[in-house]
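Contents: one structure, followed by commentary.
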Amino acid sequence: MSAPSVDLQAASAEYQKLQLELANTIEGRQRLEAQLSENEAVKKEFEQLTQENTVYKLLGPVLVKQDQADAKANVNKRLEFIQSEIKRLEGQLKELQSKQEKKKQEVGF
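Throughout the sequence shown, residue numbering follows the numbering used here, covering 37 to 145 in sequence.
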């Protein structure tokens with residue numbers, strides 16, 4: 037095979053790899069968005085609780101009583117973590133899209 041053909045095949049393979057990475061990153065972001073929605077719903081439910089309400093945590097097949105303040109703190113920490121992961125993935129998406137666009141021009145798609 038000639039050198040340009042080999043180069044084109046390599047660039048095409050890299051482009052396909054970038055497409056797969058991009059799809060996986062988008063899928064990960066969608067999962068995080070779903071988790072964010074779930075945790076925001078839990079936070080809203082916690083806002084409606086009074087001190088007399090009891091909060092339980094599911095540990096395997098068992099419900100264990102949990103301190104309300106601890107439960108709220110855990111949800112807030114989870115929300116912060118999920119939001120930071122979404123930001124990280126958004127940066128990764130931008131980088132992958134940029135790489136993909138450069139490779140697309142290189143391949144000539």
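No residue lacks a Cβ here, since even glycine has one placed at the ideal position from N, Cα and C.
Assigned with DSSP and collapsed to three states, L54 falls in helix. Here DSSP, grouped into helix, strand and coil, assigns Q133 to helix. A check of alpha carbon separations from N75 across Q52, E126 and N110 identifies N110 as the nearest. With a 10 Å radius around the Cβ and a threshold of 16 neighbouring Cβ atoms, I62 comes out exposed. CA-CA distance, Q66 to V91, rounds to 29 angstroms. In terms of Cβ geometry, L85 and Q102 do not form a close pair [threshold 8 angstroms].
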